[in-house]
Amino acid sequence: MDFNNDGLLDLIVGDRNGYVNYFRRLSNGTLTEEPDLIANGVTINVGLNSAPQIIDWNEDGLLDLIIGNDATSGERIRLYLNSGTPSQYLFTTYSELQYTNATYISFSRCNPHVTDLNNDGKKDLVIGEDYGHVYYLENVGTNAAPQFSEAVMLEANGSPISFPSGYTDLKVWVDDWNEDGTKDLIVGNYKDSVHLYIAYPIGVKEEEKSSIRDVVFRAVPNPASTGTVIHYQAVNSGAVNLSVYDIEGRLIKTIAAGYREPGVYQVFWNGMDESNNPVGNGVYLYRLSTEDGVYVNKLIVLR
């Protein structure tokens, strides 16, 4: 992010004490620490655990500032609009983001991230928070004047993303991690681990759309610690292969293979690899190949 419009990438960072730190990039590639960001001549402080993002909120060509926080007065999201120039910011007063029903958007240890999650050309919000969930707030307004519908939990494998106690205080970022044209989700937590949720594009020829059907394919529990039961469906008779891979695509374990009649099946995976060694914590992919198609879902292992 080029905060001062000099063609070099700068760094804006929140901190434990509620300030917003600014590190300016020099021409030799190093970063130099500038004064913390100010508004109305006063250093911005949101209480605790500032979580800033720089974004052109109102599409006026100037970079604005939103900040999540852990303030004792209420964890609302502040918006500072920039009334300066592209090379010199000027923040004055702030507003607090609201839902369309005029109630304030508020989450414990709120970490907001602005992104167009549903690819409709408008800014949405994805929020990590202190209770181990990730929320999505759709922008039902315009790109230059966002308005947000009620928050819904983001899901993986048909279940809400949920981290257990001790793995909470989530920090989120949305980006196309593997450059396949779909937005993926990166989640950091209090235990200093980072989890990657890969979104898989689904392409269907126009003449095939009428034949698409829902297929049972899920793992319970997910996240898993000592093991998980994978439920899967064979729509047509034929060969089936169900295997677990790591995030790099390396085979971890084949847990079901052979001929299946049409029906719904389930198989237990004990969290071991082909050598009967326990796998480590992280994100894994379980892949089902049948006569009807290939399906991939994500599984989190947290021991």
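Its first residue numbered 160, the sequence shown is counted upward by one per residue in the numbering used here. Glycine included, C-beta positions come from ideal geometry on N, C-alpha and C.
| query | Going straight from the alpha carbon of leucine 464 to that of phenylalanine 322, what length do you get? | reply | Because the chain in this structure spans residues 160 to 462, residue 464 falls outside the shown range and cannot be described.
| task | Return the CA-CA distance between isoleucine 389 and valine 453, expressed in angstroms with no decimal places. | result | Counted from its first residue, the sequence shown places residue 389 at position 230. Counted from its first residue, the sequence shown places residue 453 at position 294. Rounded to whole angstroms, isoleucine 389 to valine 453 spans 15 Å at the Cα level.
| Which residues bound the beta strand (DSSP E) around aspartate 405? | Residue mapping note: residue 405 aligns to position 246 of the sequence shown, counting from 1. Unbroken beta strand (DSSP E) run through aspartate 405: 397-405.
| task | Between the Cα of cysteine 269 and those of Glu255, Asp328, Ala261 and Ser242, spot the shortest distance and give me the residue it belongs to. | result | If you number the sequence shown from 1, residue 269 lands on position 110. The shortest Cα separation from cysteine 269 among Glu255, Asp328, Ala261 and Ser242 belongs to Asp328.
| query | What separation, rounded to the nearest whole angstrom, lies between the Cα atoms of isoleucine 357 and glycine 200? | reply | Taking the first residue of the sequence shown as position 1, residue 357 is located at position 198. Taking the first residue of the sequence shown as position 1, residue 200 is located at position 41. Cα-Cα distance, rounded: 43 Å.
| How big is the Cα-Cα spacing for isoleucine 459 and asparagine 400? | Your numbering for residue 459 matches position 300 in the sequence shown. Your numbering for residue 400 matches position 241 in the sequence shown. Approximately 20 Å, taken between the alpha carbons.
| message | alanine 393 and alanine 416 - do their beta-carbons sit closer together than 9 Å? | response | Taking the first residue of the sequence shown as 1, we reach residue 416 at position 257. Taking the first residue of the sequence shown as 1, we reach residue 393 at position 234. No.
| Through-space distance from asparagine 395 to aspartate 451, alpha-carbon basis | Position 292 of the sequence shown holds residue 451. Position 236 of the sequence shown holds residue 395. When rounded, the distance between both Cα atoms is 6 Å.
| Cβ-Cβ separation, valine 442 to leucine 344 (assumed contact under 8 Å), whole Å | Counting from 1 along the sequence shown, the entry for residue 344 is found at position 185. Counting from 1 along the sequence shown, the entry for residue 442 is found at position 283. The pair is not a contact, with the Cβ atoms about 10 Å apart (cut-off 8 Å).
| said: In whole angstroms, give me the CA-to-CA distance for glycine 166 and tyrosine 239. | reply: Within the sequence shown, residue 166 is the residue found at index 7, counting from 1. Within the sequence shown, residue 239 is the residue found at index 80, counting from 1. So the alpha carbons of these two residues sit roughly 23 Å apart.
| message | Out of Lys350, Asp279 and Gly300, which one is the CA nearest neighbour of lysine 475? | response | Residue 475 falls outside the range modelled here, since the chain spans only 160 to 462, and no answer is possible.
| query | In chain order, what residues of the same chain lie with their CB nearer than 6 Å to the CB of leucine 249, ignoring the 5 residues before and after it? | reply | Here residue 249 refers to the residue found at position 90 when the sequence shown is read from its first residue. So the list reads Ser242 and Gly243, once near-sequence residues are dropped.
| task | Measure the C-alpha to C-alpha separation of threonine 191 and leucine 170 and round it to an integer number of angstroms. | result | Taking the first residue of the sequence shown as 1, we reach residue 191 at position 32. Taking the first residue of the sequence shown as 1, we reach residue 170 at position 11. Rounded to the nearest angstrom, the two C-alpha atoms are 10 Å apart.
| request: Would you give the residue range spanned by the beta strand (DSSP E) that tryptophan 332 belongs to? | output: Reading the sequence shown from its first residue, position 173 is the one you call residue 332. From DSSP, the beta strand (DSSP E) with tryptophan 332 extends over 330-334.
| field | Residues near glutamate 297 by beta carbon distance below 6 Å, same chain, minus five either side | value | Residue numbering aside, residue 297 sits at position 138 when the sequence shown is read from its first letter. Closer than 6 Å at Cβ, skipping near neighbours: Asp283 and Ser308.
| query | Does the Cβ-Cβ distance between asparagine 204 and glycine 227 come in under 9 Å? | reply | Counting from 1 along the sequence shown, the entry for residue 204 is found at position 45. Counting from 1 along the sequence shown, the entry for residue 227 is found at position 68. Against a cut-off of 9 Å, the Cβ pair of glycine 227 and asparagine 204 comes out as no contact.
| Rounded straight-line distance, which links the Cα of serine 324 to that of glutamate 288 | Residue mapping note: residue 288 aligns to position 129 of the sequence shown, counting from 1. Residue mapping note: residue 324 aligns to position 165 of the sequence shown, counting from 1. Those two C-alpha atoms are separated by around 12 Å.
| task | Out of Gly439, Ile411, Thr449 and Tyr404, state which residue places its alpha-carbon closest to the alpha-carbon of tyrosine 418. | result | Here residue 418 is taken as the residue at index 259 of the sequence shown, counted from 1. That would be Thr449, whose Cα lies nearest to the Cα of tyrosine 418.
| DSSP beta-bridge partners for histidine 390? | Position 231 of the sequence shown holds residue 390. Answer by DSSP bridge pairing, in chain order: Arg377 and Gln425.
| query | For alanine 315, does the count of other Cβ atoms within 10 angstroms reach 16, so buried, or fall short, so exposed? | reply | Counting from 1 along the sequence shown, the entry for residue 315 is found at position 156. Alanine 315 should be labelled buried.
| said: Please report the distance separating the alpha-carbon of valine 331 from that of serine 209. | reply: The residue given as residue 331 occupies position 172 in the sequence shown. The residue given as residue 209 occupies position 50 in the sequence shown. So the alpha carbons of these two residues sit roughly 14 Å apart.
| task | For aspartate 335, count neighbouring Cβ atoms within 10 angstroms of its own Cβ and tell me buried if that reaches 16, exposed if not. | result | By 1-based counting over the sequence shown, the position of residue 335 is 176. Burial call: exposed.
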